[in-house]
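Trainee: Per mature numbering (1 follows the signal peptide of the UniProt record, and there is no 0), the sequence shown runs over residues -24 to -1, 1 to 230. For glycine and all other residues, C-beta sits at the position ideal for the given N, C-alpha and C. These numbers come from a predicted model, not from an experiment. After the structure tokens below, expect a handful of questions from me.
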Amino acid sequence: MKNTHITRAPLFLALIFVMPSASSAEPQTKLEQKTTTYSVGLSATRLIYTPGSTGVSVTINNPNDFPVLAQSEVSPDDGGSRVPFSVTPPLFRLDAGQQSRVRIIMTGDSSPKDRESLNWFCVTGIPPEKGDAWDERKDAKNGSATLDVKVKLRQCIKLFTRPAGLSSTPEAASSELTWYRDAKGVRAMNNSPYFINLKTISVGGKSIDAPDYIAPFSSRIYTVSGGTGPASELKYVVINDLGGDSAQVTARIQ
């Protein structure tokens, strides 16, 4: 046992010194970093689903110069795990520069009947891995090593469920918000059954960044830097069902 230990130790040390020598004789390999963002495009910025209909469709396009797998799903706005929707097809190949439609179908109507409800339609573009049969990209050049950083973007748009027979209209509801002065800025009250999607709010010449939406029959506080001051009114613009801008609305602050 003693002789065996003495014999192996010099061998181990020799390997330590020989390996750097061998590697230094090899040609230098150039390390290149390649960051690729994988995403898909959608034909709409929001979807309106009417219960009892045959579904709603949206087009997914692949702007990349290689094929991707398009994976679609509906996610709940409240962070839950289940939604009453299915997407057909949920996963399919989309070639470079091509587009295809998917259909969203309600599988169970548990949404409220007196107001809109909100979920999210999300799509992820999944790129091929090296060695996949459907990977059509060329291999890296010889003599170089590539650090391939892949960034997969999950794109989501609002999916509103709008029951038939709601009072008023989205356009009318958008112009009927009630505004109150608040210690932090202003509070908007939405007394309608619709989601009001605000794009811009301006109070006394001060713009509020990313105002976001107000849920049905609820209010939301928007912070105004430095307070509202003596301003007695504000101006705002709403995003309509088609993703466009409404006419600017001027409202009194109570």
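Assign P146 to one of three DSSP states: helix, strand, or coil.
Mentor: If DSSP states are grouped into helix, strand and coil, P146 belongs with the helices.
Trainee: If you draw a straight line from the C-alpha of G180 to the C-alpha of T204, how long is it?
Mentor: Their backbone Cα atoms lie some 7 angstroms apart in a straight line.
Trainee: Out of N173, Q47, D54, R157, point me to the one whose CA is closest to V63's CA.
Mentor: The option with the nearest alpha carbon to V63 is Q47.
Trainee: Measure from the alpha carbon of I184 to the alpha carbon of each residue in I190, K175, P192, then state which is nearest.
Mentor: Here the closest residue by C-alpha is K175.
Trainee: Okay, do the region 10 to 23 and the region 199 to 213 touch, 3+ Cβ pairs below 8 angstroms being the bar?
Mentor: Contact between the region 10 to 23 and the region 199 to 213 is absent, because fewer than three Cβ pairs lie under 8 angstroms.
Trainee: As a quick exercise: from Q224, L218, L142, S222, pick the residue whose alpha carbon is nearest that of V34.
Mentor: That would be L218, whose Cα lies nearest to the Cα of V34.
Trainee: Could you say which of R22, T154, Q9, P139 lies nearest to P169 if we only look at CA atoms?
Mentor: Nearest option by C-alpha distance: P139.
Trainee: Kindly provide the ranges of any beta strand (DSSP E) runs that are 3 or more residues long and lie completely inside the region 5 to 29, ordered along the chain.
Mentor: Runs of the beta strand (DSSP E) inside the region 5 to 29: 6 to 14, 22 to 25.
Trainee: Can you give the Cα-Cα distance for N216 and N173, rounded to whole angstroms?
Mentor: The straight-line gap from Cα to Cα measures roughly 8 angstroms.
Trainee: Looking at the structure shown, is L218 part of a helix, part of a strand, or coil, going by DSSP?
Mentor: In this structure, L218 counts as coil in the three-state DSSP scheme.
Trainee: Check whether the region 152 to 163 touches the region 36 to 44, taking contact to mean three or more Cβ pairs, one atom from each stretch, closer than 8 angstroms.
Mentor: No, the region 152 to 163 is not in contact with the region 36 to 44.
Trainee: Assuming contact is defined by CB atoms lying nearer than 9 angstroms, are Q74 and V99 in contact in what I supplied?
Mentor: No, the Cβ-Cβ distance between Q74 and V99 is not below 9 angstroms.
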